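Using the numbering used here, you'd call the opening residue of the sequence shown number 2 and step up by one each time.
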Amino acid sequence: IVTEAPPAQIELEGRTFNLPRPLRRYVSKTGDWSRLLGKVWQAPVDLGPIGKANFIYMEKGGSVPEHTHRGNELTLVVNGEFSDGIAHYDSGDFITMNGENTHTPGSEAEDGCLVFTIVDQPLHFTSGIARLLNPFSHLFF
Numbered sequence: 002i003v004t005e006a007p008p009a010q011i012e013l014e015g016r017t018f019n020l021p022r023p024l025r026r027y028v029s030k031t032g033d034w035s036r037l038l039g040k041v042w043q044a045p046v047d048l049g050p051i052g053k054a055n056f057i058y059m060e061k062g063g064s065v066p067e068h069t070h071r072g073n074e075l076t077l078v079v080n081g082e083f084s085d086g087i088a089h090y091d092s093g094d095f096i097t098m099n100g101e102n103t104h105t106p107g108s109e110a111e112d113g114c115l116v117f118t119i120v121d122q123p124l125h126f127t128s129g130i131a132r133l134l135n136p137f138s139h140l141f142f
């Protein structure tokens, strides 16, 4: 029996991203893209009983407001690069964050940055007007 391989790509606004093999199984479980804030896009991924994930794309100049975590965040840089005030990350990097970390992810890369991220608790925004989003952060992240 020959089975068809799952799609190896996802698309956003005409841009196509090749996915590493372990993420291909989630293409069919990925919802529609929506613009979160400015130059940041999100597509939810249904992991079933094991949790909630998102593909997040930051266009050049896009960033997620400064935040920390009430739980854990696991992130794989799928394509591109970004910095967060702690370090600089590139395609293939795997990052873990928790409540001890406060960061502001943003991309200045010409082609932006696509990440796959899993959080077990909503983000907690720590500065500026973004703090007003805290009661609703579970709806986005």
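All C-beta atoms in this analysis are idealised placements derived from N, C-alpha and C, irrespective of residue type, glycine included. The structure displayed is predicted, hence computed values, not measured ones.
- Taking Phe-18 as the centre and dropping the five residues before and after it, the same chain places the C-beta of Gln-10, Ile-11, Val-79, Asn-80, Leu-115 closer than 7 Å to its C-beta, in chain order.
- Taking 8 Å as the upper bound for CB-CB distance, Thr-76 and Thr-127 are not in contact here, some 18 Å apart.
- About 6 Å separates the beta carbon of Gly-39 from that of Gly-63, a gap short enough to meet the 8 Å contact definition.
- Approximately 19 Å separates the beta-carbon atoms of Pro-21 and Met-59; this is outside 8 Å, ruling out the contact.
- DSSP places Leu-77 in the strand class (E or B) of the three-state scheme.
- Cβ neighbours of Gly-93 within its own chain (closer than 7 Å, five residues either side excluded): Val-78.
- Residues Val-28 of the same chain have their beta carbon placed closer than 6 Å to that of Pro-8, with the five preceding and five following residues left out of the count.
- Annotated three-state conformation of Arg-71 is coil, per DSSP.
- C-alpha of Pro-45 to C-alpha of Asp-112: approximately 21 Å in a straight line.
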